[in-house]
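If you count the first sequence from 1, you need to add 26 to reach my numbering.
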Amino acid sequence: MQNIVYGLYLELLKKYGNPVKYWPQWCAIKKSWKLKEEISLETILVQRTSWRNAEIASKNLKNTRLLSIRRIYENKDFQRLVSLVKPAGFYNTKPKRLVEFCRFICQNYGSWQNFCSEDLITAREKLLTVYGIGPETADTILLYAADEPTFIIDEYTRRFIKSKELAKNFDYYFLKDLFERNLPKDLGLFQGYHVLIIAEQKQGKGVSMGVI
DNA sequence: ACCCAGGTGGCCC
DNA sequence: GGGCCACATGGG
């Protein structure tokens with residue numbers, strides 16, 4: 027196998043099959059703008075947190091119609107937002123991050139759909155200026171909520187790289203480049219590979235977020 | 001009673 | 001520029 031990175035993808039594909047079945051919501055062929063917007067908010071809820079807990083917070087927001095960029099931006103009761111987000115942990119920072127993200131979108135673009143018309147490089151740079159959004163969250167938002175082909179380096183990816191001894195350097199951009207350099211720039215492939223990496227790490231256990 | 005889960009910003013040197 | 005650290009919840 028000449029290209030190890032791509033070869034591993036083919037192996038995972040053979041082992042687990044179509045990745046969409048593991049993440050029917052996030053890794054869908056076609057997603058509505060509403061769903062993409064909800065996913066963008068969930069990426070913040072799930073930072074350094076189990077899916078289970080993030081999902082409780084997500085459902086709390088959904089049930090109160092606050093799983094919406096516009097609604098959070100216009101929300102006047104911050105303490106209510108805090109109590110809804112609480113199960114996801116970090117209640118002193120996550121609600122603030124949600125508000126900052128929603129303010130960024132509403133004030134600069136007006137809607138999630140408008141933001142998504144930005145090109146990948148610009149959109150990524152802009153996201154990184156928002157409080158609470160680092161490289162991983164930016165890439166997760168772009169890959170799953172804006173359908174941009176950008177590779178995510180998260181704990182699962184790092185564990186995968188470690189187990190396959192693909193690298194000794196664990197710098198974010200070094201690893202991101204390692205994957206992107208060795209793969210065709212294809213949205214379905216980037217989403218699928220990432221989902222399959224998670225499937226491999228979880229080995230079939232655990233269920234959350236309509237997920238694996 | 002521990003340990004962990006899809007990170008990030010703020011310190012310190 | 002890299003290395004550490006607080007942050008908070010619910011489940012095993």
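Every residue, glycine too, gets a C-beta built ideally from N, C-alpha and C.
Do the segment 82-89 and the segment 186-198 make contact, defined as three or more Cβ pairs closer than 8 Å?
-> Touching, no, given that fewer than three Cβ pairs across the two stretches are closer than 8 Å.
If we count Cβ pairs, one from each stretch, closer than 8 Å, do we get three or more for the segment 99-114 versus the segment 136-147?
-> No contact exists between the segment 99-114 and the segment 136-147.
Excluding the 5 residues preceding and the 5 following residue 122 in the sequence, name in chain order all residues of the same chain whose CB lies nearer than 6 Å to its CB.
-> Taking C-beta separations shorter than 6 Å and ignoring five residues to either side along the sequence, residue 122 has no partners in its chain.
Leaving out five residues on either side along the sequence, give the residues of the same chain with a beta carbon under 7 Å from the beta carbon of residue 182.
-> Excluding residues within five positions, the ones whose Cβ falls inside 7 Å are 223, 224, 227.
Determine the DSSP secondary structure at residue 95, reduced to helix, strand or coil.
-> Correct three-state label for residue 95: helix.
Burial state of residue 34, where buried means 16 or more other Cβ atoms lie within 10 Å | Per the 10 Å Cβ criterion, buried.
Where the alpha helix (DSSP H) containing residue 68 begins and where it ends = Here the alpha helix (DSSP H) through residue 68 covers 59-71.
Sequence-distant residues of its chain with Cβ nearer than 6 Å to residue 174 (five each side left out) = For residue 174, where only same-chain residues beyond five positions count, the Cβ hits under 6 Å are 146, 168.
Residues of its chain near residue 190, where Cβ-Cβ distance is below 7 Å and the 5 sequence neighbours each way are ignored | The residues 34, in chain order, have a CB closer than 7 Å to that of residue 190 in the same chain once the five nearest residues on each side in sequence are set aside.
Which word fits residue 216, buried or exposed, when buried means at least 16 other C-beta atoms lie within 10 angstroms of its C-beta?
-> Per the 10 Å Cβ criterion, buried.
In three-state terms, what does DSSP make of residue 192?
-> Three-state DSSP puts residue 192 in coil, outside helix and strand.
Please state if the CB of residue 99 and the CB of residue 53 are separated by a distance shorter than 8 Å.
-> No. Outside cutoff.
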